[in-house]
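> Quick one: the structure is below, and I'll ask about it shortly.
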Amino acid sequence: MSKNFKALPIQLSDKLIAEIKEGNSLFQKPVKDNGMPAFVKPVNPSTGKGYSAMNALILGMQRHDDPRWMSADAARYAGSWVKKDEKGTMIEFPKTSDIEAIRTPEGQRIKDEAGVTQTKTVEFEKPQQGKAFLFNAEQMNDITPLDEFLQKQESQQALVPVERAMKLIEDSEAVIIHGGHEAYYDKQRDAIFLPEMEQFDNEVKYLQAAIHQLAHWTGHENRLNRPMEGKFGSMEYAREEMRAAIAAILIGGELKIGHNFGQHNAYMNNFAKILKDEPFEIAKASRDAQKIANLLLGVNQKREQKQGAEAGFQKGDEIAYMDTTYKVLETYKTKSIKVEDAGGTRKVLKPEYGLYKSLLEAKTNPREPEMVLEEEQGQNHKIGR
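Residue 427, in our numbering, is where the sequence shown stops; the numbers in between run on with no holes.
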C-alpha cells in the first residue's frame, strides 16, 4: 500500500473538517437542498442489515438519496452491475479470518474436476482491519427501483416514523420534565428537561430534540457510564456532544425522522479542533455513538431474541460476511452445511471450522446499524444544551 495512504479515520476527519468549515456537514445541515434528509441510513439490500457507525457516516456523507450499498461482487451475485467508471467508497471492518487458495508446493492453485479453485480458511490470532469498496444503488444497473424497495421496507413496519420515535422515548423510561426554554440533560437529577412540544416548530423537531438528549442520558453511570465532567465550551464537553450528535444521526436515520443538532455553532470550532488534533477520535466517538444507538433502539434485546430463534442454519440462508455473501445450499444431520460464496466457490463446512462459527455469529449477531458537562457554578449539571 502507498506510503501516502491515510488511515480511514484520518480521511473521515479531514472530510468532516472541510465540511464543517464550509457549513454543510451533517451536524450543520440535516436536510439537503432537494428536501431529502442529509443522512440516509446505509443498508445492504441483500441482507437487510445496516453498517457500523463509522462506516455508516462514511457512506452517508456521500449524500445519496438511495440507502442501498453493496460491493461489486455482492451486486453481481444479486443480479446487479456497477456502472462503468463508477468509484467505490471504502469502509473498514474487523477481519478474524481469510480464505486462501490451496496451492501445491510449487505454488500452483489446486482445482477440482470442475475447474474450481479449492480454498481453505485461515484464522487470525488477532482481528485485523479488513477493507472493502462499496457502491451505492445509484451507481448500479439492473437493480430494484428505489420506490419499490422503500415500499417493501415500510410494509414491514407496523408503526410510522413518528410513532416509532415516540415509542423509543417511552420505552427508555427516562424522566422527562417539560417546561422552560432549554433542552438539556441534568446529570445530577438524571432527568431530561425539554420545552413543551408546542414551543417547537413541529412534532418531528420535538422528537429530534428529545432523542438528542436521550443520547446524553445514556452516559449516566447506571447505563453506559461515559465521562461527563467537562465544563461548557471545553474539549471534554465537545467530545460528549460529538457522541450524542453522531448517535442522533444514526437513530434519526433508523427511525426515518432525520436529525437536527440545534445549537450547532457553539460546538463546531471545537469539533474541528478535535478532529484536526486527534483524527482517530472520530473512530472512538463512532464506537460510543453505536453503543448509544444500540441501547436506545434495543438492538441487544433483538439480538438475544434472534439467537434463541435462529440457533442454526437453514437452507436458503444468505449471510453477509467479509465483503461477500454466503448462500446455504444444503444442511446435514451432522449440522454441517454446504455454502456458496458470491464468487461461486462451494464448500462443505463442519461445526468445528472457523468459517462455520464466523458465519453463525454473522447470522445471529449481524452488524447493525458493523454529553456534557460542567458549566458555571450552579449550572454544572446541565448537558447538551
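Heads up, the beta-carbon is just placed ideally off N, CA and C, and yes, glycines get one too.
1. Could you check which residue in Leu391, Lys333 and Ala404 has the C-alpha nearest to that of Thr367?
2. Please name the residue, chosen from Glu134, Phe355, Ile361 and Arg145, that lies closest to Lys375 on a Cα-to-Cα basis.
3. Just confirm the distance between the C-beta atoms of Met182 and Lys125, as a whole number of angstroms; I'd bet it's less than 8 Å.
4. Pick helix, strand or coil for Asn86, following the three-state DSSP scheme.
5. Quick one: what does DSSP say Ala170 is sitting in, helix, strand or coil?
6. Can you tell me which of Leu391, Leu256 and Asp56 puts its alpha carbon nearest to the alpha carbon of Ile234?
7. For the 8 Å Cβ check, are there 3 or more pairs between the region 313-332 and the region 50-57?
8. I need the DSSP call for Asn183, collapsed to helix, strand or coil.
9. Could you have a look at Ala384 and say whether DSSP puts it in helix, strand or coil?
10. Provide the residue(s) that pair with Ser139 in DSSP beta bridges, ordered along the chain.
11. Can you tell me whether DSSP reads Arg206 as helix, strand or coil?
12. Figure out for me which residue from Arg265, Asn264 and Glu282 has the closest Cα to the Cα of Glu271.
13. Less than 8 Å between the beta carbons of Ala289 and Ala335, yes or no?
14. Would DSSP call Arg110 helix, strand or coil?
15. Give the secondary structure of Ile211 by DSSP, where H, G and I count as helix, E and B as strand, and everything else as coil.
16. Would you kindly report the start and end of the unbroken alpha helix (DSSP H) that includes Leu371?
17. Kindly identify the DSSP beta-bridge partner or partners of Asn244.
18. Taking C-beta to C-beta, are Pro25 and Glu278 nearer than 8 Å?
19. List the endpoints of the continuous beta strand (DSSP E) containing Leu236.
20. Using beta-carbon positions only, say whether Val164 and Ser139 come within less than 8 Å of one another.
21. Rounded to the nearest angstrom, what separates Ala156 and Thr186 at their Cα positions?
22. Could you name the residues of the same chain whose beta carbon sits closer than 7 Å to that of Lys247, not counting the 5 residues immediately before and after it, in chain order?
In this structure, then:
1. Thr367 has its Cα closest to that of Ala404, out of Leu391, Lys333 and Ala404.
2. Phe355
3. 6 Å
4. coil
5. The question names Ala, yet the displayed sequence has Gln at residue 170. Strand.
6. Measuring from the Cα of Ile234, the nearest candidate turns out to be Leu256.
7. yes
8. strand
9. Of the three classes helix, strand and coil, the one that applies to Ala384 here is coil, per DSSP.
10. Glu165
11. When DSSP states are grouped into helix, strand and coil, Arg206 belongs to the helix group.
12. Glu282
13. yes
14. strand
15. helix
16. Note, Leu371: premise wrong, no alpha helix (DSSP H); beta strand (DSSP E) at Thr366 to Thr373.
17. Beta-bridge pairing links Asn244 to no other residue.
18. Since the first residue of the chain shown is 43 and the last is 427, residue 25 is not available in this structure.
19. Ala233 to Leu236
20. yes
21. 33 Å
22. Taking Lys247 as the centre and dropping the five residues before and after it, the same chain places the C-beta of Asn302 closer than 7 Å to its C-beta, in chain order.
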